[in-house]
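Asks: Residue numbers (the UniProt record's numbering): 1 to 269.
Take this structure first; my questions come after.
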Amino acid sequence: MVTPTTWEFAGTRGAVTARVWAAPEPRYVAVLVHGYGEHLGRYGHVADALVRHGATVCGPDHMGHGLSAGERVLVEDYEDVVADVHTVVEAARGDHPGLPVVMIGHSMGGLVAARYAQLHGAGLALLALSGPVLGRWHVVEELLPLEEMPTDPIDTATLSRDPAVGLAYSADPLVWHGPFRKRTVRALDAALRRVNEHGSLGALPVLYVHGEADRLVRPEDSRVGVEAVRGPGLTERLYPGARHEVFNETNRDEVLADVTAFIDRVLGG
Numbered sequence: 001m002v003t004p005t006t007w008e009f010a011g012t013r014g015a016v017t018a019r020v021w022a023a024p025e026p027r028y029v030a031v032l033v034h035g036y037g038e039h040l041g042r043y044g045h046v047a048d049a050l051v052r053h054g055a056t057v058c059g060p061d062h063m064g065h066g067l068s069a070g071e072r073v074l075v076e077d078y079e080d081v082v083a084d085v086h087t088v089v090e091a092a093r094g095d096h097p098g099l100p101v102v103m104i105g106h107s108m109g110g111l112v113a114a115r116y117a118q119l120h121g122a123g124l125a126l127l128a129l130s131g132p133v134l135g136r137w138h139v140v141e142e143l144l145p146l147e148e149m150p151t152d153p154i155d156t157a158t159l160s161r162d163p164a165v166g167l168a169y170s171a172d173p174l175v176w177h178g179p180f181r182k183r184t185v186r187a188l189d190a191a192l193r194r195v196n197e198h199g200s201l202g203a204l205p206v207l208y209v210h211g212e213a214d215r216l217v218r219p220e221d222s223r224v225g226v227e228a229v230r231g232p233g234l235t236e237r238l239y240p241g242a243r244h245e246v247f248n249e250t251n252r253d254e255v256l257a258d259v260t261a262f263i264d265r266v267l268g269g
């Protein structure tokens, strides 16, 4: 497995740590955008598959997440997260001028990636969304009216049919295991509405993948957002029985093969 390097930059709300998995002779750059409460270190196997496919892979730990600075999981405005992702993309372009850039966003990272594509889609070759928080999210709708955030931890059984995934998640000290921040919930609500209202991604090729048995980010809710941003270049795959983290599911090899096949179809190769 490829060992990543890290670098730090001054993000919009404090120091942000980014990871890079370098390929010796890359033919494209893949930018990974992770989900709520986690960090990019959980994506080593995804990065390894992409590096073997010909990518240099990079991405940040979002503010308040993983190795980056900030109060844990506090996001005041998701436009700031998008701006930090843009810093990573521009750095990758500087290191690899002329290479196409693909973006892969999971869960909350799918919301960030979709918004990035709305603002900077002309600079992307394609977008892949995995179990994206788009359209509406029942978690936000349930938490928004509450003054106090519940302290119940996430049910790790919702992540994958592979029990080792939940065990690793629970034991990971860089994963946030506490409650939502109320300001983050408000920011998520604003970001969902903003993406819905902004509209289609136009001709940008988009791959949408989702586990049919995902109860953490329900496919029927994400469908609302996918329909709001879709253009003529949408390809989708729903995996029967799969839960939220399709890159960590028992059929992860199939999912990763679908992603790399989509990249080949768009980029050629």
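Glycine included, each C-beta is placed from N, C-alpha and C at the ideal position.
Everything numeric in this text was worked out from a predicted model, so none of it was measured.
(1) For E147 and L99, I'd like the C-alpha separation in whole angstroms.
(2) Got a sec? Which residues, its chain only, sit under 8 angstroms from A213 by beta carbon, not counting five neighbours each side?
(3) According to DSSP, is L36 part of a helix, a strand, or is it coil?
(4) Could you compute how far the alpha carbon of V75 sits from the alpha carbon of A171?
(5) At what residues does the beta strand (DSSP E) containing E236 begin and finish?
(6) With burial defined as no fewer than 16 other Cβ atoms inside 10 Å of the residue's Cβ, what is the status of D155: buried or exposed?
(7) Do H34 and G109 have their beta-carbon atoms positioned less than 7 angstroms apart in this structure?
(8) Let me know if R183 comes out buried or exposed under the rule of 16 or more other beta-carbons within 10 Å of its beta-carbon.
(9) Are L111 and L134 close, meaning C-beta to C-beta below 7 angstroms?
(10) Can you give me the Cβ contacts of A47 inside the same chain, cut-off strictly under 6 angstroms, excluding the 5 residues immediately before and after it?
(11) Just tell me which of R181, S130, Y116 has its CA closest to the CA of D84.
(12) Can we say the stretch 219–233 touches the stretch 11–26, given the rule of at least three CB pairs closer than 8 angstroms?
(13) Among the candidates L174, R218, P163, W137, whose CA atom is the shortest distance from the CA of V185?
(14) Express the C-alpha separation of S68 and R13 in angstroms, rounding to a whole number.
(15) State the Cα-Cα distance for the pair D189 and G11, rounded to the nearest angstrom.
Replies: Inspection of the coordinates gives the following:
(1) The sequence position of residue 147 within the sequence shown is 147, counting from 1. The sequence position of residue 99 within the sequence shown is 99, counting from 1. The alpha-carbon atoms of E147 and L99 are separated by roughly 47 angstroms.
(2) Counting from 1 along the sequence shown, the entry for residue 213 is found at position 213. Excluding positions up to five away in sequence, the list reads P240, G241, A242, R243.
(3) Within the sequence shown, numbered from 1, the residue matching residue 36 stands at position 36. Reading off the sequence shown, one finds Tyr at residue 36, where the question assumed Leu. Correct three-state label for Y36: coil.
(4) Sequence index remark: in the sequence shown, residue 75 carries index 75 (1-based). Sequence index remark: in the sequence shown, residue 171 carries index 171 (1-based). V75 and A171: Cα-Cα distance of roughly 24 angstroms.
(5) Sequence index remark: in the sequence shown, residue 236 carries index 236 (1-based). Run containing E236: 234–239, per the beta strand (DSSP E) assignment.
(6) Taking the sequence shown and counting its residues from 1, the one referred to as residue 155 is at position 155. The residue is exposed, with fewer than 16 neighbouring Cβ atoms inside 10 Å.
(7) In the sequence shown, the residue the question calls residue 109 occupies position 109. In the sequence shown, the residue the question calls residue 34 occupies position 34. Yes, the Cβ-Cβ distance between G109 and H34 is below 7 angstroms.
(8) Counting from 1 along the sequence shown, the entry for residue 183 is found at position 183. So R183 ends up on the exposed side.
(9) Stepping through the sequence shown from its first residue, residue 111 is reached at position 111. Stepping through the sequence shown from its first residue, residue 134 is reached at position 134. Yes, they are a contact pair.
(10) Residue numbering aside, residue 47 sits at position 47 when the sequence shown is read from its first letter. Only W21, V57 meet the Cβ criterion.
(11) As a first step, residue 84 must be located in the sequence shown, where it is residue number 84. Of the candidates R181, S130, Y116, the one whose C-alpha sits nearest the C-alpha of D84 is Y116.
(12) no
(13) Working through the sequence shown from its first residue, we reach residue 185 at position 185. Taking only the C-alpha atoms, the option nearest V185 is W137.
(14) Stepping through the sequence shown from its first residue, residue 13 is reached at position 13. Stepping through the sequence shown from its first residue, residue 68 is reached at position 68. When rounded, the distance between both Cα atoms is 10 angstroms.
(15) One-based indexing of the sequence shown puts residue 189 at position 189. One-based indexing of the sequence shown puts residue 11 at position 11. Distance between the alpha carbons of D189 and G11 is about 22 angstroms.
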